[in-house]
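Participant: For reference, the structure I am asking about is given below.
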Amino acid sequence: MRFFIGIFTTKRLEDHVNKIKNELSDVVMGKWVEPQNLHITLQFIGDVEESRRINLLYNLEEISKNFSPFTVAYTGVGAFPNTSKPRILWIGISKGANSLKVLANKIIKTNAKSGIEPDTKPFYPHVSICRIHEITSNKIYPFMRKHKDIFFLEEEITKIALVKSSLTSVGPIYTIVQEFYLKGNDVRV
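Take the sequence shown: its position 146, counting from 1, is numbered 200 in the numbering used here, and each next residue is one higher.
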């Protein structure tokens with residue numbers, strides 16, 4: 055079983071993703087993320103045995119006790135590896151990005167002490183919305199330029215989750231193993 059630690063978005067972001075999907079429907083051939091699966095990945099864990107899963111749960115409980123809720127602003131559409139060769143389409147995060155980085159770093163460092171290897175890719179706060187298989191029109195490039203700084207919405211981040219990811223022929227199925235509410239009283243920017 056594969057696991058990750060993440061933050062699921064609220065239904066409010068789905069409307070914006072659907073508008074992007076509709077606007078790019080004749081331009082991008084790919085696998086769009088199912089609305090209920092929209093999330094920010096804080097740490098990809100991969101396969102982990104039961105004993106380490108218990109450590110994960112303990113670590114997340116301790117971190118969440120000492121980390122305050124904070125607000126994020128979903129802003130801009132971008133792509134990995136870059137906008138000239140897009141393979142993953144995403145919505146970025148402006149406000150709250152530093153808090154996400156601090157939270158992700160705490161999780162990664164704490165889990166490393168429990169023997170869970172950190173991902174080699176640097177953390178970049180975003181919500182993946184589409185895995186691109188083919189671009190059928192150059193219209194995507196003006197779209198990307200037009201939407202690179204567009205503001206979508208703000209929402210408060212109040213919890214993180216340990217999530218089990220089951221890969222199926224129709225796409226991943228995410229199951230929340232446990233949620234952890236952020237209860238700290240520290241101040242976040």
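For each residue, glycine too, the CB sits at the ideal point set by N, CA and C. Predicted model only: the values in this text are computed from it and were never measured.
Runs of 3 residues minimum, wholly inside the stretch 175-202: which ones carry the beta strand (DSSP E) assignment?
Facilitator: 180-189
Participant: Measure the C-alpha to C-alpha separation of residue 165 and residue 113 and round it to an integer number of angstroms.
Facilitator: When rounded, the separation of the alpha-carbon atoms in residue 165 and residue 113 is 7 Å.
Participant: Quick check: the Cα distance between residue 153 and residue 56, rounded to an integer number of angstroms?
Facilitator: 26 Å
Participant: Apply the 10 Å Cβ neighbour rule to residue 243 and answer buried if 16 or more other Cβ atoms are within range, or exposed otherwise.
Facilitator: Confidence in residue 243 is poor, its pLDDT being 44 and thus under 50, which makes the residue's placement unreliable; the coordinate value appears in the next sentence. When all chains shown are included, residue 243 counts as exposed.
Participant: Once DSSP output is grouped into helix, strand and coil, what is the label at residue 129?
Facilitator: strand
Participant: Enumerated in chain order, which unbroken segments of the alpha helix (DSSP H) with a length of 4 residues or greater are wholly contained in the stretch 96-173?
Facilitator: 104-119, 151-167
Participant: Inspect the beta-carbon positions of residue 78 and residue 194 and report whether they are closer than 9 Å.
Facilitator: Against a cut-off of 9 Å, the Cβ pair of residue 194 and residue 78 comes out as a contact.
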